[in-house]
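Participant: Taking numbering that gives the first Met the number 0, the leading residue of the sequence shown gets 0, the next gets one more, and so forth.
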Amino acid sequence: MLISSQNNTMAILVREAEGSPPFADERFCRRLCVGSSRYGLRIIVIPIPAQYTKGILHRAYTYHQKGWKAIRMPMIDLVMNRCLNPLSRNTRQQLEQYLPYTSSLRQRSWSTALPGKWEVHRALSKSNTLRGLLVPTTRVRATIPWEIWLARWPKGLFFKPASGTHGKGTFRLSKGKLPFLWIVEGRNRGNEHYVKSFHQATDVSSWLESHQAVQNMIVQPYLELSHHGRAFDIRALVQKNGQGRWMLTGCMIREGAEGSLTSNLHGGGNAYPADAYLTERYGKDKAASLLQQIKHAAALIPQTLESRFGRLAELGLDFGADVDGKLWLIEVNSKPGRTSFAESDDKRMHALTYTQPLAYARYLLQQHVLTDVSRPMKMPNSSSKAGLKRIPIPGSKGPVMPACHGAQGSFSG
């Protein structure tokens, strides 16, 4: 049902790319375009170039009659930024020319973006409840005492870019076997697998310092998060619904390709429903316990981050479970992909991954709550169970918590 005779326009900012259409994230943009009229919205897509060019933002794209059509830039009511890199000052100024008078981009943003992994880790570590889920994390500085760290974490060290996705730029440093004393295995910026061997500690130090000079990094102990020799993690997607409330849309397993250090699907992995996969890995009781822990964490993480960084709309929460069944929070992403949910046998859950952003956009515009998106939000209260609510299973007889792959329910109300 349309909410007005004249649709509001929401612009999706995505990375410019070669091809037709000339932008990334095409499937996501197309799904939102197709479903937008039901929410009183008009979706346009604005490709953002890596290098700013004067006047480049005069053209946008919309999906019409099963194809993408280039249009002139219209006035914009709301902006969803899906670009992984920060917008340049010139790009922001260009966009603000198309916003309602006196509006800023920060006021008209659908969601803020989280900062780097280190800042997010520090924010979550302030929660007594969440602290036990966090992997020990250290920011890598100019001097890298990797030998001390490796003595503390003998299974290896896992280095990650402080800002990055898809497993690109990650690598593991571990002890090798003669004649090589140390081994580095990872993925480069092109997501290609590589292995390097070192005889001398000085060579390891030089190689690490060269990486740190190019991009800021964090280091964590390497955790054995695998099943049948394949790395896996649990992607939990939390989104705000049409009433502005957080809900757990669902969970999926992402399993990496054979020999891969990471479970990211861009490296050639596969996706599976969470409950069946975890039951096979750990047994029914342990799998149920893990999913319950994920639900509780998913209820607390969004509120904790909003209280520090400002209004958010959706989060991809990546959890890992080690050989003993200990749950770890690996990463939080404020611009999550949803490729893994396409493999779900729960079609309603898959549909929600695309319709919830539209429902929340309509809520923002209807409720006139477009304030500075980066302003910290107050948590409901400081209780460790703040915002928790049992999620009923459709058709069930009691308030049982559902299997995570099909969880749809509000956390707060």
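We put the beta carbon where it would ideally sit given N, CA and C, even for glycine.
Predicted, not measured: the structure shown is a model, and the values here were computed from it.
Do the segment 203-216 and the segment 141-152 touch if we need at least three Cβ pairs shorter than 8 Å?
Facilitator: Contact between the segment 203-216 and the segment 141-152 is present, because at least three Cβ pairs lie under 8 Å.
Participant: In chain order, which continuous runs of the beta strand (DSSP E) of length 3 or greater are located wholly inside the segment 208-296?
Facilitator: Fully enclosed beta strand (DSSP E) runs of 3 or longer: 216-220, 229-239, 245-254, 269-272.
Participant: Tell me whether H120 sits in a helix, a strand or coil according to DSSP, three-state version.
Facilitator: Numbered from its first residue, the sequence shown carries residue 120 at position 121. If DSSP states are grouped into helix, strand and coil, H120 belongs with the helices.
Participant: For T278 and K285, what's the separation of their Cα atoms in angstroms?
Facilitator: Residue mapping note: residue 278 aligns to position 279 of the sequence shown, counting from 1. Residue mapping note: residue 285 aligns to position 286 of the sequence shown, counting from 1. Using only the alpha carbons, I get a separation of about 7 Å.
Participant: Check this for me: beta carbons of T248 and L133, under 8 Å apart or not?
Facilitator: Counting from 1 along the sequence shown, the entry for residue 248 is found at position 249. Counting from 1 along the sequence shown, the entry for residue 133 is found at position 134. In this structure, L133 does not lie closer than 8 Å to T248 by Cβ.
Participant: So, with DSSP's three-state summary, where would you put R361?
Facilitator: Within the sequence shown, the letter at position 362 stands for residue 361. R361 falls in the helix class under three-state DSSP.
Participant: Can you have a look at K154 and say buried or exposed, based on whether 16 or more other CB atoms are within 10 angstroms of its CB?
Facilitator: Residue mapping note: residue 154 aligns to position 155 of the sequence shown, counting from 1. The residue in question, K154, is exposed, as its Cβ has fewer than 16 Cβ neighbours within 10 Å.
Participant: Taking the alpha-carbon of R121 as reference, which of P20, L177, L77, I300 has the nearest alpha-carbon?
Facilitator: Taking the first residue of the sequence shown as position 1, residue 121 is located at position 122. For the residues P20, L177, L77, I300, the minimum Cα distance to R121 belongs to I300.
Participant: For M74, is the classification buried or exposed, using 16 other Cβ atoms within 10 angstroms of its Cβ as the cut-off for buried?
Facilitator: By 1-based counting over the sequence shown, the position of residue 74 is 75. M74 comes out exposed.
Participant: Who are the Cβ neighbours of N215 in its own chain at under 6 Å, not counting the five residues just before and after it?
Facilitator: Here residue 215 refers to the residue found at position 216 of the sequence shown. Excluding positions up to five away in sequence, the list reads A161.
Participant: Give the DSSP-derived three-state secondary structure of I45 in the structure shown.
Facilitator: On the sequence shown, residue 45 is found 46 positions in, with the first residue counted as 1. DSSP places I45 in strand when its eight states are reduced to three.
Participant: Specify whether the segment 227-236 and the segment 313-320 touch according to this definition: at least 3 beta carbon pairs, one from each stretch, less than 8 Å apart.
Facilitator: With the cut-off at 8 Å, the segment 227-236 and the segment 313-320 touch.
Participant: In three-state DSSP terms, what is F340?
Facilitator: Taking the first residue of the sequence shown as position 1, residue 340 is located at position 341. Three-state result, F340: helix.
Participant: So, N80 versus L12, is the Cβ gap smaller than 8 Å?
Facilitator: If you number the sequence shown from 1, residue 80 lands on position 81. If you number the sequence shown from 1, residue 12 lands on position 13. Against a cut-off of 8 Å, the Cβ pair of L12 and N80 comes out as a contact.
Participant: Quick one: what's got a C-beta closer than 6 Å to F158's C-beta in the same chain, skipping five residues either side?
Facilitator: Here residue 158 corresponds to residue number 159 of the sequence shown, with the count starting at 1. Correct list, in chain order: F170, M216, V218.
Participant: Kindly indicate which residue of K195, Y271, R229, A273 has the alpha-carbon position closest to the one of E257.
Facilitator: Within the sequence shown, numbered from 1, the residue matching residue 257 stands at position 258. Ranking K195, Y271, R229, A273 by Cα distance to E257 puts R229 first.
Participant: Are L94 and L56 close, meaning C-beta to C-beta below 8 Å?
Facilitator: Taking the first residue of the sequence shown as position 1, residue 94 is located at position 95. Taking the first residue of the sequence shown as position 1, residue 56 is located at position 57. Contact: yes.
Participant: Could you spell out where the beta strand (DSSP E) holding R17 opens and where it closes?
Facilitator: The residue given as residue 17 occupies position 18 in the sequence shown. According to the sequence as given, residue 17 is Glu; it is not Arg. Neither: E17 is in no beta strand (DSSP E) and is coded neither H nor E.
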